[in-house]
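This note's numbering puts the first residue of the sequence shown at 1493, with every later residue one more than the last.
Inspection log for the structure reproduced underneath, given as C-alpha coordinates.
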Amino acid sequence: MRQHPRFGYRRIGRMLQAAGWKVNPKRIYRLWRREGLKVPRKQRKKRALGTGANACHRHRAERKNHVWCCDFIFDRT
(Lines of atoms letter the chains of each structure in order from A and count residues from 1; the text may use other names and numbers.)
(Lines give C-alpha, C1' and ligand atoms only; values in the text may rest on other atoms or scores of the structure.)
Protein backbone atom coordinates (compact mmCIF):
# COMPACT_ATOMS: atom_id res chain seq x y z
CA MET A 1 0.00 0.00 0.00
CA ARG A 2 2.77 2.43 0.88
CA GLN A 3 4.62 1.62 -2.33
CA HIS A 4 1.52 2.23 -4.47
CA PRO A 5 -0.56 5.04 -2.91
CA ARG A 6 -2.70 5.46 -6.05
CA PHE A 7 -3.93 1.85 -6.01
CA GLY A 8 -7.47 1.30 -4.81
CA TYR A 9 -8.93 -1.64 -2.91
CA ARG A 10 -9.79 -3.53 -6.10
CA ARG A 11 -6.27 -3.41 -7.46
CA ILE A 12 -4.72 -4.27 -4.09
CA GLY A 13 -7.09 -7.26 -3.90
CA ARG A 14 -6.00 -8.48 -7.32
CA MET A 15 -2.35 -8.09 -6.33
CA LEU A 16 -2.91 -10.15 -3.17
CA GLN A 17 -4.69 -12.86 -5.15
CA ALA A 18 -1.89 -12.91 -7.72
CA ALA A 19 0.60 -13.31 -4.86
CA GLY A 20 -1.24 -16.45 -3.72
CA TRP A 21 -3.41 -15.05 -0.91
CA LYS A 22 -6.99 -16.30 -0.69
CA VAL A 23 -8.88 -13.09 -0.05
CA ASN A 24 -12.49 -12.10 -0.51
CA PRO A 25 -13.03 -8.76 -2.32
CA LYS A 26 -15.78 -7.80 0.15
CA ARG A 27 -13.43 -8.31 3.09
CA ILE A 28 -10.79 -6.12 1.45
CA TYR A 29 -13.39 -3.41 0.86
CA ARG A 30 -14.62 -3.65 4.46
CA LEU A 31 -11.06 -3.35 5.84
CA TRP A 32 -10.36 -0.49 3.43
CA ARG A 33 -13.34 1.47 4.75
CA ARG A 34 -12.62 0.63 8.40
CA GLU A 35 -9.07 1.96 8.10
CA GLY A 36 -10.34 5.12 6.39
CA LEU A 37 -8.07 4.68 3.37
CA LYS A 38 -8.65 6.82 0.32
CA VAL A 39 -6.88 7.14 -3.00
CA PRO A 40 -5.33 10.62 -3.22
CA ARG A 41 -6.70 12.74 -6.04
CA LYS A 42 -4.46 13.59 -8.95
CA GLN A 43 -3.14 17.12 -8.95
CA ARG A 44 -3.91 19.00 -12.15
CA LYS A 45 -0.95 20.39 -14.01
CA LYS A 46 -0.89 24.16 -14.00
CA ARG A 47 -0.28 25.59 -17.44
CA ALA A 48 0.68 29.17 -18.10
CA LEU A 49 -1.90 31.02 -20.16
CA GLY A 50 -1.04 32.11 -23.67
CA THR A 51 1.96 29.85 -24.14
CA GLY A 52 0.53 27.47 -26.74
CA ALA A 53 2.67 26.39 -29.68
CA ASN A 54 0.31 28.13 -32.11
CA ALA A 55 -0.14 31.31 -30.09
CA CYS A 56 -0.68 34.56 -31.97
CA HIS A 57 2.22 36.32 -30.27
CA ARG A 58 4.61 33.85 -31.92
CA HIS A 59 3.52 34.93 -35.40
CA ARG A 60 4.54 38.58 -35.50
CA ALA A 61 4.84 40.26 -38.86
CA GLU A 62 8.48 40.70 -39.79
CA ARG A 63 7.77 42.65 -42.99
CA LYS A 64 4.85 43.84 -45.12
CA ASN A 65 2.47 41.10 -46.30
CA HIS A 66 4.08 38.52 -44.01
CA VAL A 67 1.18 37.79 -41.63
CA TRP A 68 -2.37 38.48 -42.69
CA CYS A 69 -4.36 36.72 -40.01
CA CYS A 70 -4.08 34.58 -36.92
CA ASP A 71 -6.56 31.83 -36.14
CA PHE A 72 -7.18 29.92 -32.93
CA ILE A 73 -9.46 27.02 -32.06
CA PHE A 74 -10.08 27.85 -28.41
CA ASP A 75 -8.90 30.30 -25.82
CA ARG A 76 -8.06 29.00 -22.36
CA THR A 77 -9.21 31.31 -19.59
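A virtual CB, placed ideally from N, CA and C, is assigned to each residue, including glycine.
Just so it is clear, the structure is predicted and the values come from calculations on it, not from any experiment.
Margin query: Rounding to the nearest angstrom, what Cα-Cα distance links R1536 and K1556 in this structure?
Written below: About 42 Å.
Checklist line | Secondary structure of Q1535, DSSP reduced to three states | finding: If DSSP states are grouped into helix, strand and coil, Q1535 belongs with coil.
Note to self: Just to confirm before moving on: does the CB-CB distance between V1531 and G1512 stay below 8 Å?
What the structure shows: Result no, Cβ atoms of V1531 and G1512 do not sit closer than 8 Å.
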